[in-house]
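> My questions all concern the structure below.
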Amino acid sequence: MENHVKQTLWMCDKCQKALVAEKVKVRYLEGNFEVELLKCPTCKMVFISDELAMGKMLEVEKGLEDK
1 MENHVKQTLW MCDKCQKALV AEKVKVRYLE GNFEVELLKC PTCKMVFISD
51 ELAMGKMLEV EKGLEDK
């Protein structure tokens with residue numbers, strides 16, 4: 001599952017640093033995935049867009065429920 005993050009300037013509210021696109025390991029339900037997401041270089045908090053949460057992650061959730 002590969003996801004390319006759109007280059008929009010997002011800032012970490014806590015650290016006031018620009019988020020950077022980085023590959024991160026995501027564990028969702030029973031699946032482990034490596035995807036490129038926006039991440040704060042200081043506190044390491046990851047931003048998951050509505051598009052990803054309601055698109056790909058919803059697909060994965062439905063696929064895992066069907067098993």
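For the sequence shown, the tail end lands on 67 under full-length UniProt numbering, and the numbers increase by one without skipping. Cβ coordinates follow ideal geometry from the N, Cα and C atoms, glycine included.
Just to confirm before moving on: does the CB-CB distance between Cys40 and Lys14 stay below 9 Å?
For Cys40 and Lys14, yes; Cβs fall inside 9 Å.
> Which value, in whole angstroms, describes the spacing of the CA atoms of Glu51 and Leu58?
Distance between Glu51 and Leu58, taken at the CA atoms: about 10 Å.
> Tell me which residue opens and which closes the beta strand (DSSP E) that Leu37 is part of.
Going by DSSP, Leu37 is part of the beta strand (DSSP E) stretching over Gly31 to Lys39.
> Among Glu30, Ile48 and Thr42, whose alpha-carbon lies nearest the alpha-carbon of Glu36?
The residue from Glu30, Ile48 and Thr42 with its alpha-carbon nearest to that of Glu36 is Ile48.
> The alpha helix (DSSP H) spanning Ala53 covers which residue range?
Asp50 to Met54
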